[in-house]
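In UniProt numbering, the protein residues as written are 1 to 134.
Heads up: the structure comes next, in structure tokens.
In structure tokens:
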């Protein structure tokens, strides 16, 4: 019984209580028993029963920029300094440097850039390193 769900009854119950957002976490945590009697007093027949649920998840990188504005390579790929070396040393990684402005560049690219100008290449604010790594 706990696996069965009356879709119509659940819809109207959620609509009257203010919407599914309030009940979403409770719905996932524990099955809800619904009243299956109609206004005439006869039990209603279930339209269908959920036997299997396949969940799908999506993900993406949590970054504002996807490519280095200095060398124009993707941030998850080696920079132009590391690309020739990655053929000979495939386990060596090229790390990404993130500024306080939330702009990301390859560490080698931004080090070369800040040796001449100590500003972010995208917004011209002073470059302050917030973190680096993958």
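Glycine is no exception: its CB is placed at the ideal position from the N, C-alpha and C atoms.
* Which runs of the alpha helix (DSSP H) spanning at least 4 residues fall entirely within the UniProt domain "RING-type" (68 to 124), listed in chain order? -> 83 to 88, 107 to 114
* Are the beta-carbon atoms belonging to residue 106 and residue 120 less than 8 Å from one another? -> no
* Spatial distance of residue 16 from residue 10 (CA atoms) -> 10 Å
* Asked: residue 93: which of 50, 133, 55, 99 sits nearest, CA to CA?
  -> 133
* To do: Would you decide whether residue 96 is buried or exposed? Buried here means 16 or more other CB atoms lie within 10 Å of its CB.
  => buried
* Would you report the Cα separation of residue 78 and residue 49, rounded to the nearest angstrom? -> 51 Å
* Minimum C-alpha distance to residue 108 - residue among 100, 130, 70 -> 70
* Enumerate in chain order the residues of its own chain whose CB-to-CB distance from residue 100 is below 7 Å, with the five nearest sequence positions on each side excluded. => 128, 130
* Which partner residues does residue 131 have in the DSSP bridge list? -> 98
* Asked: Between residue 13 and the rest of its own chain, which residues show a CB-CB distance below 6 Å, the 5 nearest in sequence each way excluded?
  -> none
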